[in-house]
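Notes follow the structure.
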Amino acid sequence: MTEAGSGQGGEDLRRFMLEHRFGMDEIVTKLTILRDEFTHLRDYNPIESVSSRLKSPESLVEKMLRKGLVLDERPSFDQIRATVTDIAGVRVVCSFVSDVYRVFDMLVEQEDVSTVEVRDYIATPKPNGYRSLHALVEVPVFLSEGPVPVLVEVQFRTIAMDFWASLEHKIYYKYRREVPAELLERLHDAAETAYALDATMERLHEEVRGLDELPPDVLAQLRDGGERPDAALREALRKLGATPETA
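Mind the numbering: the sequence shown is residues 294 to 540 in the working numbering, read in order.
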């Protein structure tokens with residue numbers, strides 16, 4: 294890959310990278326359509342943002358070397374595909390933890406998206422506290438010569454998880470991956486705090502969503518802040534598990 298810019302090797306590399314960029318764009322388009330649908334046709338949008346990145350040829354080789362692989366003078370693209378599965382990456386930031394799984398389901402249930410691997414770091418966080426839902430999916434890219442299957446790694450996380458991951462990345466970069474133990478411990482504590490915030494916001498979200506399902510007259514009483522709710526309101530609150538003390 295050192296002579297990637299010239300000859301047949303350079304042409305093959307350009308095709309290889311373009312295939313992955315096209316696959317990445319396919320996933321971004323699918324998620325953007327979902328986000329726009331929720332924005333314009335629904336009363337709630339679970340997708341906060343969608344971003345993407347494509348690894349450079351240099352970073353591909355570096356990752357293969359980090360994995361301890363002995364590279365040929367010109368490693369084959371099949372070897373690269375088998376070793377580096379996150380060449381094309383998409384990140385989806387959602388409002389709540391439940392939204393993470395909801396958007397994941399909506400993506401992987403599409404007919405032309407095949408799920409290759411799922412790593413749920415929300416249910417089972419990494420030792421450093423990292424949380425996110427990783428999905429390795431395969432999507433067809435339709436070129437002039439026919440469809441080409443492309444792997445894309447999609448990461449789903451909440452706003453709090455994304456903030457923590459961004460901070461952790463900056464700290465590791467600053468310390469050249471040699472982060473002091475005391476700072477690592479504080480990072481882990483921060484991850485737990487971020488997840489506690491996610492849990493609290495999830496409960497608030499569920500309560501608000503439950504209130505939206507109340508009859509209009511009952512909801513009006515709640516908004517008016519009456520001191521003693523009537524029977525209909527008491528019953529509605531009881532079903533929500535939030536019977537007022539004055540009932």
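For every residue, glycine included, the Cβ atom is placed at its ideal position computed from N, Cα and C.
Secondary structure at F389: coil, using DSSP grouped into helix, strand and coil.
Rounded to whole angstroms, the gap between the alpha carbons of V343 and Q448 is 10 Å. Within its own chain, the residues whose Cβ lies closer than 6 Å to the Cβ of A484, once the five positions on either side in sequence are excluded, are G422, W457, listed in chain order. Within the stretch 361 to 446, the complete beta strand (DSSP E) segments at least 3 residues long are 381 to 387, 407 to 413, 426 to 436, listed from N- to C-terminus.
Per DSSP, the beta-bridge partners of F449 are V385, L426.
With distances taken between CA atoms, H462 lies nearest to L480 out of L480, D379, F315. It is roughly 11 Å from the alpha-carbon of V432 to the alpha-carbon of E446. When the beta-carbon positions are compared, H427 and I380 stay at least 8 Å from each other. Following the DSSP letters along the chain, one finds V354 inside the alpha helix (DSSP H) bounded by residues 350 to 359.
In its chain, beyond the 5 residues on either side, F309, L353, M357, I380 have a beta carbon closer than 8 Å to the beta carbon of I373. Excluding the 5 residues flanking it on each side, T408 has same chain C-beta neighbours closer than 7 Å at V401, A428, V430, in chain order. Leaving aside the five residues that flank I415 on each side, the residues in its chain whose CB is nearer than 6 Å to its CB run, in chain order, R424, L426. In the three-state reduction of the DSSP assignment, E341 falls in the strand class.
For the options L362, F331, I320, E330, the alpha carbon positioned closest to that of Q403 is the one of I320. By the CB criterion at 8 Å, L324 and V385 fall inside the cutoff.
The Cβ-Cβ distance between I340 and C387 falls below 8 Å. Between E410 and V472, the alpha-carbon positions lie close to 30 Å from each other. Taking C-alpha positions only, T451 is separated from D491 by approximately 8 Å. Nearest to D405 by C-alpha distance, out of A487, T378, F331, P440, is P440.
Around the beta carbon of D392, 16 or more other beta carbons lie within 10 angstroms, which makes this residue buried. Around the Cβ of V501, a 10 Å sphere holds fewer than 16 other Cβ atoms; the residue is exposed. Annotated as distal: S345 and G316, with beta-carbon spacing of 8 Å or more.
L362 is positioned such that its CB atom lies closer than 8 Å to that of T376. Under the three-state reduction of DSSP output, R346 falls in the strand class.
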